[in-house]
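**Student:** Sequence order for the protein chains is A and B. Using full-length UniProt numbering, the letters of the first sequence map in sequence onto residues 1 to 210. Using full-length UniProt numbering, the letters of the second sequence map in sequence onto residues 1 to 210. The beta carbon of each residue, even a glycine, is placed where N, CA and C say it ideally should be. No experiment lies behind these values; they were computed from the predicted model shown. Below is the structure I would like to discuss, written out as structure tokens.
2 protein chains.
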Amino acid sequence: MDQNKIPQATAKRLPLYYRFLNNLQHQGKSRVSSKELSDAVKVDSATIRRDFSYFGALGKKGYGYNVEYLLGFFRKTLDQDELTEVALFGVGNLGTAFLHYNFVKNNNTKIMMAFDADPDKVGTEIGGIPIYHIDDLEEKMKDVKVAILTIPASEADSVTERLVEQGIEGILNFTPARITVPDHVRVHHIDLAVELQALVYFLKHYPLDK
Amino acid sequence: MDQNKIPQATAKRLPLYYRFLNNLQHQGKSRVSSKELSDAVKVDSATIRRDFSYFGALGKKGYGYNVEYLLGFFRKTLDQDELTEVALFGVGNLGTAFLHYNFVKNNNTKIMMAFDADPDKVGTEIGGIPIYHIDDLEEKMKDVKVAILTIPASEADSVTERLVEQGIEGILNFTPARITVPDHVRVHHIDLAVELQALVYFLKHYPLDK
DNA sequence: GAGAAGTCGTGATTATTTTCACAATTAGTA
DNA sequence: TACTAATTGTGAAAATAATCACGACTTCTC
């Protein structure tokens, strides 16, 4: 709403910064420079300073950044206070990995429920998160606005359609299928096979030195 | 070696194109336009044409692209013939998801072996892939040049160090830890928590219409 | 308190990526 | 064959992102 001028490339790095600052705080460090951050998160220090500068002057010249202050600032900016509720679809290995991940700790998101078609899974819990039958999607999913898709590709379209019907706002899609949604729904796509393939391609064609 | 001028942004999209072309072929389609491809993979059609053009004139004006020809071309370019061997570290849920994924089908990569510290897992197989003890890394991993890291963050540094020692060339890191490697090792980083958080951030701050 | 060392914030520059827009060419049709 | 509709490939422009480089300010040390 407000900071609409923040470059997308910057926005994508914010959660990364946030996580690392959290680590620093746990380690009891109270001060950090863009150079140190750079070494840790592998982003050029000038880029980090530029990123931060979109939010105003957060550091002090000759000193660096105060970890606590920066963290407090990010918490607000990243809406760490507000909790976003998430539903997960497909309790296979990948889905289970998500359920075991405790997002809430460093995070503003919580998986509230999961869906699957397997009767052996329905009715159980994983990591304290209840698993419902996929048929009950409409009934159980009331206010949840974000979904993670870890279902087989063949199910992607039908589930997506129902989610859109239900008023979903964002989908994190791990399916190889490229799903079609109305313009007002945001989809981020992660394809594990593509990621691996891309790495291999880069290895062969982009001899590094940097 | 040859096509060193291909933009990285393009390179990242190639596996995506490849996968979709494969689907088309299975559907028996012999012809496709950049517009159709665009609808399917959600990339602007001009971008697709530009991407392809880095490899020469692959299409025909007024006609589009011949699926089979394009596919044959990509197969060579993406080294689909050559098989890249991969080792996986950490047979938790995420690691298991990878082992079940049959990469070879549409793919130039194969997970040859997995490593874990859990004695219950060591000695077994998942999806036909043997699981060794992490202590045997040096012994078992001979020619494998690519590793997938799905271990706990706390293990990331020590395993990475051993991999580097062993002559690793590329690492796909799913650990939240940002690992440090020599310049000649390529690391791609995917942090599931960061991805989810980024999606949520975008939802709140980048109202879409596009 | 003065000088040295460190570090930010940012104007300017450069690099990369996307998009526009249209001439050229082809397929399809009558 | 001649006309129409489709679609590429690409020069040029625009948008986005990364990096350089330095003035200004802060802390530290003696």
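What residues from the region 33-62 of chain B come within 7 Å of chain A, judged by C-beta to C-beta, listed N to C?
**Tutor:** Taking 7 Å as the Cβ-Cβ cut-off against chain A, the residues of the region 33-62 of chain B that qualify are Ala40, Val41, Lys42.
**Student:** Against B:Ala9, what residues of chain A qualify as contacts under a CB-to-CB distance less than 7 Å, listed in chain order?
**Tutor:** In chain order: nothing, as chain A lies at least about 11 Å away.
**Student:** Which runs of the beta strand (DSSP E) spanning at least 3 residues fall entirely within the UniProt domain "CoA-binding" (79-178) of chain A, listed in chain order?
**Tutor:** Segments of the beta strand (DSSP E) lying fully in the UniProt domain "CoA-binding" (79-178) of chain A: 84-89, 109-116, 129-133, 146-149, 170-173.
**Student:** What residues in the region 166-191 of chain B bring their beta carbon closer than 7 Å to a beta carbon of chain A?
**Tutor:** Those residues of the region 166-191 of chain B that come within reach of chain A (Cβ to Cβ, closer than 7 Å) are Glu169, Gly170, Leu172, Pro176, Arg178, Asp183, His184, Arg186, His188, Ile190.
**Student:** Tell me whether the beta-carbon of B:Leu58 lies closer than 8 Å to the beta-carbon of B:Leu14.
**Tutor:** Not a contact, by the Cβ cut-off of 8 Å.
**Student:** Can you list, in chain order, the residues of the region 123-147 of chain A whose Cβ is nearer than 8 Å to any Cβ on chain B?
**Tutor:** Cβ contacts with chain B: Lys145, Val146.
**Student:** Check each residue of the region 9-24 of chain B: if its Cβ is closer than 7 Å to any Cβ of chain A, include it; give the result in chain order.
**Tutor:** Listed by position along the chain: Ala11, Lys12, Leu14, Pro15, Leu16, Arg19.
**Student:** Report the residue from A:Ser154, A:Asn173, A:Val181 whose alpha carbon sits nearest the alpha carbon of A:Glu165.
**Tutor:** For the residues A:Ser154, A:Asn173, A:Val181, the minimum Cα distance to A:Glu165 belongs to A:Val181.
**Student:** Give me the Cβ distance between A:Gln25 and A:Leu99, rounded to the nearest whole Å; I'm assuming they're in contact under 8 Å.
**Tutor:** Actually they are not in contact, since the Cβ atoms of A:Gln25 and A:Leu99 sit about 27 Å apart, beyond 8 Å.
**Student:** At a Cβ threshold of 8 Å, is B:Glu161 touching chain A?
**Tutor:** By this cut-off, B:Glu161 is not an interface position.
**Student:** Strictly below 7 Å CB to CB, what residues from chain A border B:His100?
**Tutor:** Correct list: Asn93.
**Student:** Decide if the region 125-132 of chain A is in contact with the region 144-154 of chain A; the criterion is three or more beta carbon pairs, one per stretch, under 8 Å apart.
**Tutor:** At 8 Å Cβ cutoff, the stretches do not touch.
**Student:** Does the beta carbon of A:Asp120 sit closer than 8 Å to a beta carbon anywhere in chain B?
**Tutor:** So no, A:Asp120 is outside the interface.
**Student:** Please check if any C-beta of chain A sits within less than 8 Å of the C-beta of B:Val67.
**Tutor:** Output row for B:Val67: interface = no.
**Student:** Under three-state DSSP, which class holds B:Gly59?
**Tutor:** Three-state DSSP puts B:Gly59 in coil, outside helix and strand.
**Student:** For the ligand GDP, I want to know if B:Glu82 counts as a neighbour, meaning its beta carbon is within less than 7 Å of at least one of the ligand's heavy atoms.
**Tutor:** Ligands in the displayed structure: none, and consequently the ligand GDP is not present.
**Student:** Between the region 176-192 of chain A and the region 128-136 of chain A, are three or more C-beta pairs nearer than 8 Å?
**Tutor:** At 8 Å Cβ cutoff, the stretches do not touch.
**Student:** Report yes if the C-beta distance between B:Asn107 and A:Gln80 is below 8 Å; otherwise report no.
**Tutor:** Not a contact, by the Cβ cut-off of 8 Å.
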